[in-house]
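> Numbering (this note's numbering), first residue to last: 62 to 465.
Even for Gly, the Cβ is constructed at its ideal location relative to N, Cα and C.
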């Protein structure tokens, strides 16, 4: 008995030590995520990507470039915006059968009742089409989310630039998003049909009210017209609700596709560089602006414009600058959603007139490449300006990013 108690005590102690060690391991990445002023001034001297294995790439990033390219733990995997759709069913209650009275008004009631049946049949068909489109859109959206999540998960742990597997998954995500766009087009076609039903319903309601004013009716005719009028009005309300929810679905899906197209542009740049980035810069700016307004304040904190957000030194071929550039611009947009940026192509002023002219042209081309990279990340071109200058202190061609 005593041996059993001692064994249990020993196991419990060993379990506590294991949990303490596990907690320290879990906390260690978080302890390295603090930000300093160096975040806004990275020195972007990336190593040559060719010929590196995945393990060596991670080791190089952590040992030689700690101040420029953060590890993947510092980046949260972006989750695609969830697609929100309506869920209502629009099924008419049917038409109450009438009795033939032999009067002119009674015959008119029979005609109106037949038109209402045809109208409700059309509403039922449109409702079935809507539910089918919704089901297809949800299925397309799930496939799209799966492809994007698989890409982000792979980028999170690190991969090679232009990994063919990720390229294939990216093309799949692009196709799935196009299918959602096709679903929107089908909903627009359905809107035309529902609008026709709405016009017919309004015409039928007017004719039903006018039938009460016809002469030669008996009490039974007016009783049947009253029931018919109620059913027509309920159908009118049902069609209006269908049209309203359909319009809202189209608007939400259009915004959704627009946002995800912008995010895919940034994801394309991430796949090309083999490093996880995040949401499109334009979407980040919109989110930051909305967050500031919802909190009852404006995000007007100014960053020092005299100091560059980033300096990219092109002192070797194939400089990798996408990831730290994205971080710098993303952080700036979180604080100033409406910010504009200036790219300054800096060339060394030493070496004679011909050498300065040659370096100036190269620096300009480098700045244009950086601008195209920002556009792929979702930053609108009208928010980027390019200028050029020479510098005595510059040892190689550089591109400086400033916040205007």
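Kindly list the residues whose CB is nearer than 7 Å to the CB of residue 89, restricted to its own chain and excluding five residues on each side of it in sequence; keep chain order.
Here residue 89 is taken as the residue at index 28 of the chain shown, counted from 1. Caution is warranted here: a pLDDT of 38 is assigned to residue 89, below 50, making its placement in the model unreliable, and the coordinate value is therefore given only provisionally. Contacts found: none.
> Just reading off the beta strand (DSSP E) that residue 450 is part of, what are its end residues?
If you number the chain shown from 1, residue 450 lands on position 389. Here the beta strand (DSSP E) through residue 450 covers 445-452.
> Quick one: grab the DSSP three-state call for residue 400.
For the purposes of this step, residue 400 is identified with residue 339 of the chain shown, where counting begins at 1. In this structure, DSSP gives residue 400 a state outside helix and strand, which the three-state scheme calls coil.
> Beta carbon of residue 296, beta carbon of residue 262: below 7 Å?
Stepping through the chain shown from its first residue, residue 296 is reached at position 235. Stepping through the chain shown from its first residue, residue 262 is reached at position 201. Result yes, Cβ atoms of residue 296 and residue 262 sit closer than 7 Å.
> Could you compute how far the alpha carbon of residue 325 sits from the alpha carbon of residue 242?
Your numbering for residue 325 matches position 264 in the chain shown. Your numbering for residue 242 matches position 181 in the chain shown. One C-alpha to the other measures close to 14 Å.
> Strictly by DSSP, which residues pair up with residue 461?
Reading the chain shown from its first residue, position 400 is the one you call residue 461. For residue 461, which the question treats as bridged, DSSP gives the partners 372, 405.
> State buried or exposed for residue 167, treating a residue as buried only when at least 16 other CB atoms are found within 10 Å of its CB.
The residue you call residue 167 lines up with position 106 of the chain shown. It counts as buried.
> Report yes if the C-beta distance between residue 230 and residue 211 is below 7 Å; otherwise report no.
Reading the chain shown from its first residue, position 169 is the one you call residue 230. Reading the chain shown from its first residue, position 150 is the one you call residue 211. Yes, the pair counts as a contact, with Cβ atoms nearer than the cut-off.
> Below 7 Å between beta carbons: does that hold for residue 298 and residue 187?
Stepping through the chain shown from its first residue, residue 298 is reached at position 237. Stepping through the chain shown from its first residue, residue 187 is reached at position 126. No.
> Tell me, please, whether the segment 266-281 touches the segment 196-206 by the rule of three or more beta-carbon pairs shorter than 8 Å.
No: the two stretches stay apart, fewer than three of their Cβ pairs being nearer than 8 Å.
> Along the alpha helix (DSSP H) that carries residue 154, what are the first and last residues, could you check?
Here residue 154 is taken as the residue at index 93 of the chain shown, counted from 1. Element bounds for residue 154: n/a, residue is neither H nor E.
> Between residue 404 and residue 380, is the Cβ-Cβ spacing less than 7 Å?
The residue you call residue 404 lines up with position 343 of the chain shown. The residue you call residue 380 lines up with position 319 of the chain shown. No.
> For the alpha helix (DSSP H) containing residue 312, list its first residue and its last residue.
Working through the chain shown from its first residue, we reach residue 312 at position 251. First-last of the alpha helix (DSSP H) with residue 312: 280-334.
> Which residues bound the alpha helix (DSSP H) around residue 248?
Along the chain shown, read from residue 1 onward, the residue named residue 248 stands at position 187. It spans 225-272 - the alpha helix (DSSP H) in which residue 248 sits, taken as one unbroken run.
> Hey, residue 300 and residue 259: beta-carbon distance below 7 Å or not?
Mapped onto the chain shown, residue 300 falls at position 239. Mapped onto the chain shown, residue 259 falls at position 198. A contact, by the Cβ cut-off of 7 Å.
> Measure the Cβ-Cβ separation of residue 373 and residue 382 and say whether it is below 7 Å.
Here residue 373 is taken as the residue at index 312 of the chain shown, counted from 1. Here residue 382 is taken as the residue at index 321 of the chain shown, counted from 1. Contact flag set, yes.
> Is residue 386 helix, strand or coil by DSSP?
Your numbering for residue 386 matches position 325 in the chain shown. It is helical.
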